[in-house]
Amino acid sequence: MRPQCRARRIALAALAACGCGLAHAQAPAGRVPTVEELANDNKLFLSLAIKTFKWEEPAEPAHIVGPIWFVGTKGLGAFLFTTPAGHILMNTGMPSSGPMILESVRKLGFKPADIKLMINGHAHIDHAGAFAYVKQQTGASLAVMQQDVAAMESGDRSDFKYGADFGYPGVKVDRILRNGDTIRMGDVLLTAYYTPGHTRGATTWVANVVADGRAYVVAFPDGAGFNPGYRIAQDPSYPGIEDDYRNTLHFLEMLKPDIWLAQHNEYYDLEGKRARAQSAGVKAWIDPEGYRRFIAGKRRAFEDEIDREHGVPVRAH
Ligand code: ZN
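In my numbering, the protein residues as written are 1283 to 1599.
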């Protein structure tokens, strides 16, 4: 591979840390920035990611399985869990996404006022951006992993990589979660697992739901991705980050979900699965092998990064 091709591939792969499947990535002005440029310029990274992954474009909502519905934007995963006792909303996308998400809830025939609880994958602007808005519109309470509470309440002004560059409206946390805590509403059981690395309190959610008499384990893996400029092994972004990633990867490798969804839609192929679900129904969403491949990719990227930081040449995959 020619050196500039390799540099381009690496830059795209780095951007992909916040979303993969970058085969169709379009850089502004036709030039892909280098990893260094992305690592050193938070605003460039954010603006490119917003555009490339369509974070701020509205999307059609969709039914996934049983009580779980997709209500996110084109690029960002937000999910509604509906129960007779009230609904749960996971993630709110960018600060601009609030009205789109509530519109999706209405389109599906549900009432935003019935959202009683909100939960989050991790405290970055592309998932936590509109909690303040949705809370103000619905009165829902918010439950967050302990180590991400300060970030969410301050609008992420002290993120270890982004400082105040990716700030969003802060929101009061009503319930502080710890590893293994559960939330039960109606027939939905959600368990919060502490999977730090990507942020200090990144949370992997596992939902146990029943549809048509069958039980499903649905995972929402989080915490294992790293963005350009994160330092893990040498001069670490925060003390303990390498151990956090190792524990998180180990945990995610142990999970065996039937269905998996994620904070970024290209991770789990929302478009492909929703198209297949038209005829195949819930079977289109069942994808334990896709989950295994996704986590294996995260493991490989992590080990490559460790090698790179130690100055070991990265193997071609
Ligand atoms: Zn993030």
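Just so you know, even glycine gets a beta-carbon here, dropped at the ideal spot from N, CA and C.
All values derive from a computational prediction rather than experimental measurement.
- For the beta strand (DSSP E) containing LEU1358, list its first residue and its last residue. Looking up residue 1358 in the sequence shown gives position 76. From DSSP, LEU1358 is part of no beta strand (DSSP E); its letter is neither H nor E.
- Would you say ALA1410 and VAL1416 are within 8 Å of each other, going by their C-beta atoms? If you number the sequence shown from 1, residue 1410 lands on position 128. If you number the sequence shown from 1, residue 1416 lands on position 134. Not a contact, by the Cβ cut-off of 8 Å.
- How big is the Cα-Cα spacing for THR1485 and ALA1474? One-based indexing of the sequence shown puts residue 1485 at position 203. One-based indexing of the sequence shown puts residue 1474 at position 192. Going from the Cα of THR1485 to the Cα of ALA1474 covers about 6 Å.
- Message: the ligand ZN and ASP1408: does any heavy atom of the ligand fall closer than 7 Å to the residue's C-beta?
- Response: Indexing the sequence shown from 1 puts residue 1408 at position 126. ASP1408 Cβ: within cutoff of the ligand ZN.
- Have a look at ARG1482, ASP1504, PRO1478 and VAL1317 and flag the residue whose alpha-carbon is nearest the alpha-carbon of PRO1543. In the sequence shown, residue 1543 corresponds to position 261, counting from 1. Strictly speaking, residue 1543 in this sequence is Leu, with Pro absent from that position. Checked all of ARG1482, ASP1504, PRO1478 and VAL1317; the closest Cα to LEU1543 is ASP1504.
- Query: If we ignore side chains and look at the alpha-carbon of each, how far apart do THR1481 and ASP1494 end up?
  - Reply: Along the sequence shown, read from residue 1 onward, the residue named residue 1481 stands at position 199. Along the sequence shown, read from residue 1 onward, the residue named residue 1494 stands at position 212. Each residue's Cα considered, the two are about 37 Å apart.
- Extent of the continuous beta strand (DSSP E) run through HIS1369: Your numbering for residue 1369 matches position 87 in the sequence shown. Segment 1369 to 1372, the beta strand (DSSP E) holding HIS1369.
- DSSP three-state assignment for MET1382, whether helix, strand or coil: In the sequence shown, counting from the first residue as 1, residue 1382 sits at position 100. Of the three classes helix, strand and coil, the one that applies to MET1382 here is helix, per DSSP.
- Query: CA-CA distance, PHE1327 and GLU1318?
  - Reply: To locate residue 1327, count along the sequence shown from 1; it is residue 45. To locate residue 1318, count along the sequence shown from 1; it is residue 36. Straight-line Cα distance between these residues: approximately 11 Å.
- Message: If I measure Cβ to Cβ from ARG1513 and keep anything under 8 Å in the same chain, skipping five residues before and after, which residues do I get?
- Response: Position 231 of the sequence shown holds residue 1513. For ARG1513, the CB contacts under 8 Å within the same chain, skipping 5 residues up- and downstream, are SER1519, ILE1523 and GLU1591 in chain order.
- Message: Using a Cβ-Cβ cutoff of less than 7 Å, which residues in the same chain neighbour ILE1588 once the five nearest sequence positions on both sides are dropped?
- Response: For this step, residue 1588 is matched to residue 306 along the sequence shown. Excluding residues within five positions, the ones whose Cβ falls inside 7 Å are ILE1514 and ALA1515.
- Query: Just to confirm, are THR1374 and PHE1413 a CB contact at a threshold of 8 Å?
  - Reply: As a working note, residue 1374 is residue 92 in the sequence shown. As a working note, residue 1413 is residue 131 in the sequence shown. Yes, the pair counts as a contact, with Cβ atoms nearer than the cut-off.
- Query: Helix or strand or just coil, what does DSSP make of GLY1625?
  - Reply: Absent from the structure is residue 1625, since the part of the chain shown begins at 1283 and ends at 1599.
- Task: With DSSP collapsed to three states, give me the class of VAL1594.
- Result: Counting from one through the sequence shown, the residue named residue 1594 turns up at place 312. Secondary structure of VAL1594 (DSSP, three-state): coil.
- Between the beta-carbon of ALA1446 and the beta-carbon of ASP1430, is there less than 8 Å? Taking the sequence shown and counting its residues from 1, one reaches residue 1446 at position 164. Taking the sequence shown and counting its residues from 1, one reaches residue 1430 at position 148. Their beta carbons are not under 8 Å apart, which means ALA1446 does not touch ASP1430 by this criterion.
- Message: Bridge partners for ILE1401 per DSSP, in chain order?
- Response: One-based indexing of the sequence shown puts residue 1401 at position 119. Beta-bridge pairing links ILE1401 to MET1372.
- Span of the beta strand (DSSP E), counted from its first residue to its last, around LEU1330: In the sequence shown, counting from the first residue as 1, residue 1330 sits at position 48. Run containing LEU1330: none in the beta strand (DSSP E); it sits in the alpha helix (DSSP H), 1324 to 1334.
- Through-space distance from ASP1323 to ASP1420, alpha-carbon basis: By 1-based counting over the sequence shown, the position of residue 1420 is 138. By 1-based counting over the sequence shown, the position of residue 1323 is 41. In the sequence under discussion, the amino acid at residue 1420 is Thr, which differs from the Asp named in the question. Using only the alpha carbons, I get a separation of about 36 Å.
- Item | At least three beta-carbon pairs within less than 8 Å, the stretch 1528 to 1536 to the stretch 1447 to 1456 | no
- Report all residues from its chain with a CB closer than 7 Å to the CB of ASP1463; omit the five preceding and five following residues, and keep chain order. As a working mapping, residue 1463 is identified with position 181 in the sequence shown. Closer than 7 Å at the Cβ level, and outside the excluded window around ASP1463, lie ALA1474.
- Query: Just how far apart, CA to CA, sit ALA1331 and PRO1315?
  - Reply: Residue mapping note: residue 1331 aligns to position 49 of the sequence shown, counting from 1. Residue mapping note: residue 1315 aligns to position 33 of the sequence shown, counting from 1. Approximately 12 Å between the Cα atoms of the pair.
- Message: Using the Cβ count rule (16 or more neighbours within 10 Å means buried), how would you classify MET1536?
- Response: Within the sequence shown, the letter at position 254 stands for residue 1536. MET1536 should be labelled exposed.
- When the distance is taken between beta carbons, is ALA1321 closer than 8 Å to PRO1595? By 1-based counting over the sequence shown, the position of residue 1595 is 313. By 1-based counting over the sequence shown, the position of residue 1321 is 39. No, Cβ-Cβ distance for PRO1595 and ALA1321 is not below 8 Å.
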